[in-house]
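Numbering (the numbering used here), first residue to last: 2 to 64.
Think of the CB as a built atom: it goes at the ideal place given N, C-alpha and C, for glycine as much as any other residue.
Okay, structure first, notes after.
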C-alpha cells in the first residue's frame with residue numbers, strides 16, 4: 002500500500018486541525034481582500050473559510 006492509500010484509509014477523526022502558511026500571487030490577494038471587505042471579515046478568516054469550502058466542494062480535485 003502506498004502512502005496516499007494509507008493516508009486515505011485513516012479515519013477522519015484521527016486527523017487533527019493544523020495551521021498552514023503559504024504565499025499567494027497579487028491577483029489572488031486582491032480578490033481575497035475584496036471578498037473579505039464585502040463579507041466584513043478579516044482577510045485571514047476569509048481565506049480560511051474559502052479554503053475549507055473549496056476542499057468540501059472538490060475533495061478529489063486533480064489538475
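1) Find the nearest neighbour of residue 52 within the set 15, 16, 14, 20, judged by alpha-carbon distance.
2) Quick one: Cα of residue 63 to Cα of residue 41, how far?
3) Determine the direct distance from the alpha carbon of residue 38 to that of residue 2, and round the result to whole angstroms.
4) Note down the Cα distance separating residue 34 from residue 56, rounded to an integer number of angstroms.
5) Apart from the five residues on each side of it in sequence, which residues of its chain come closer than 8 Å, Cβ to Cβ, to residue 47?
Judging by the given coordinates:
1) Residue mapping note: residue 52 aligns to position 51 of the chain shown, counting from 1. The shortest C-alpha separation from residue 52 is found at 20.
2) Residue 63 sits at position 62 when you count from the first residue of the chain shown. Residue 41 sits at position 40 when you count from the first residue of the chain shown. Approximately 32 Å, taken between the alpha carbons.
3) Within the chain shown, numbered from 1, the residue matching residue 2 stands at position 1. Within the chain shown, numbered from 1, the residue matching residue 38 stands at position 37. With a pLDDT of 49 at residue 2, under the threshold of 50, the predicted position of this residue should be treated as unreliable, and no value is reported.
4) Taking the first residue of the chain shown as 1, we reach residue 34 at position 33. Taking the first residue of the chain shown as 1, we reach residue 56 at position 55. Each residue's Cα considered, the two are about 20 Å apart.
5) The sequence position of residue 47 within the chain shown is 46, counting from 1. Cβ within range, chain order: 33, 36, 37, 40.
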